[in-house]
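Contents: one structure, followed by commentary.
Residue numbers (this note's numbering): 377 to 608.
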């Protein structure tokens, strides 16, 4: 079967944590533009679809000559799920079962350059139904269960960081890239399902923007990655 590859970029206009977050300048261009540019780097992507409720974000999509879909108000508030936006895109565009979707969330703007085709190749070669990018986090973690702290490692034999092996690492779902087949999504109504694969991004690409502090931290990391000399 010959597949069609569609990048979906969900970008709401509203944000409680950072007003107009998706159009706020990040490394000298609107935050959402980074995901658009990343999709354009790929040799696989046939269409890029921007779903939004914001006129300003629509204008950015139109300037990039990509498909722009107006998201209804009932799936545009803070309680709306990304899956509801994906479902709306699929029904609006009437995509078929030979479609593979690549979800790119603007709140994860730092991605290795030209990595998307490598991710898609791994997805295809391993015949996954869905796939996500993850990044390592420090394995000395705790959680609170029933208001009690619970250690997730053996603190009586505290390991040194340099002694950790790959199998000891813990990974965070970084939100950068998700890939899934049409039939998998329609069955699960979720971006993940079936045979799930992973693609590892290094730690500097593992952060998401949820707060103003996140925004500033990621922009600083981005300047280092890009070799900028004006890091503040």
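C-beta: ideal position from N, C-alpha, C; glycine also. Quantities reported herein were computed from a predicted structural model and do not represent experimental measurements.
Counting C-beta neighbours from all protein chains within 10 Å, is the total for residue 434 16 or more, i.e. buried, or is it exposed?
buried
Quick one: grab the DSSP three-state call for residue 417.
coil
Could you tell me which residues DSSP pairs with residue 583 in its beta bridges?
Paired residue(s): none; residue 583 is not in a bridge.
Can you tell me the Cα-Cα spacing of residue 570 and residue 561, whole angstroms?
Just so you know, the alpha carbons of residue 570 and residue 561 end up roughly 9 Å apart.
With residue 554 and residue 479 assumed to form a contact (beta carbons below 8 Å), what rounded beta-carbon distance in angstroms separates them?
Rounded to whole angstroms, the Cβ separation of residue 554 and residue 479 is 4 Å, and the two are in contact under 8 Å.
Consult DSSP for residue 407 and reduce its assignment to one of helix, strand or coil.
helix
Same chain, Cβ closer than 8 Å to residue 512, five either side skipped, listed in chain order
545, 546, 547, 548, 576, 578, 579 and 582
Considering only their Cβ atoms, is the gap separating residue 586 from residue 389 smaller than 7 Å?
no
Between the CA atoms of residue 461 and residue 500 - distance to the nearest angstrom:
25 Å
Express the C-alpha separation of residue 533 and residue 443 in angstroms, rounding to a whole number.
55 Å
If residue 381 and residue 466 are in contact, beta carbons under 8 Å, what's the gap, nearest whole angstrom?
Not really, about 14 Å apart at Cβ, beyond 8 Å.
Which runs of the alpha helix (DSSP H), 4 residues or longer, sit entirely within the segment 458-543?
458-469 and 492-501
Nearest by alpha-carbon distance to residue 542: which of 515, 423 and 449 is it?
515
Considering residue 588, what are the terminal residues of the alpha helix (DSSP H) in which it resides?
Per DSSP, the continuous alpha helix (DSSP H) segment holding residue 588 begins and ends at 588-601.
Pick helix, strand or coil for residue 445, following the three-state DSSP scheme.
strand
Using only CA atoms, which one of 425, 440 and 439 lies nearest to residue 447?
425
Whose CA, out of 395, 436, 521 and 432, lies closest to the CA of residue 411?
For residue 411, the closest C-alpha among the options 395, 436, 521 and 432 is that of 436.
Is the Cβ-Cβ distance between residue 482 and residue 383 less than 7 Å?
Remark: C-beta atoms of residue 482 and residue 383 do not approach each other more closely than 7 Å.
Candidates 473, 592 and 418: which alpha carbon is nearest residue 492's?
418
For residue 563 and residue 584, I'd like the C-alpha separation in whole angstroms.
28 Å
Starting from the Cα of residue 473, find the closest Cα among 522, 589, 508 and 377 and give me that residue.
Minimum Cα distance to residue 473 is reached at 377.
Within a Cβ cutoff of 6 Å, which residues of the same chain sit near residue 598, ignoring the five residues on either side of it in sequence?
403 and 486
Quick one: Cα of residue 449 to Cα of residue 429, how far?
For the pair residue 449 and residue 429, the Cα-to-Cα distance works out to about 7 Å.
Using a C-beta cutoff of 7 Å, does residue 431 count as contacting chain B?
In the displayed structure, chain B is absent; only one protein chain is listed.
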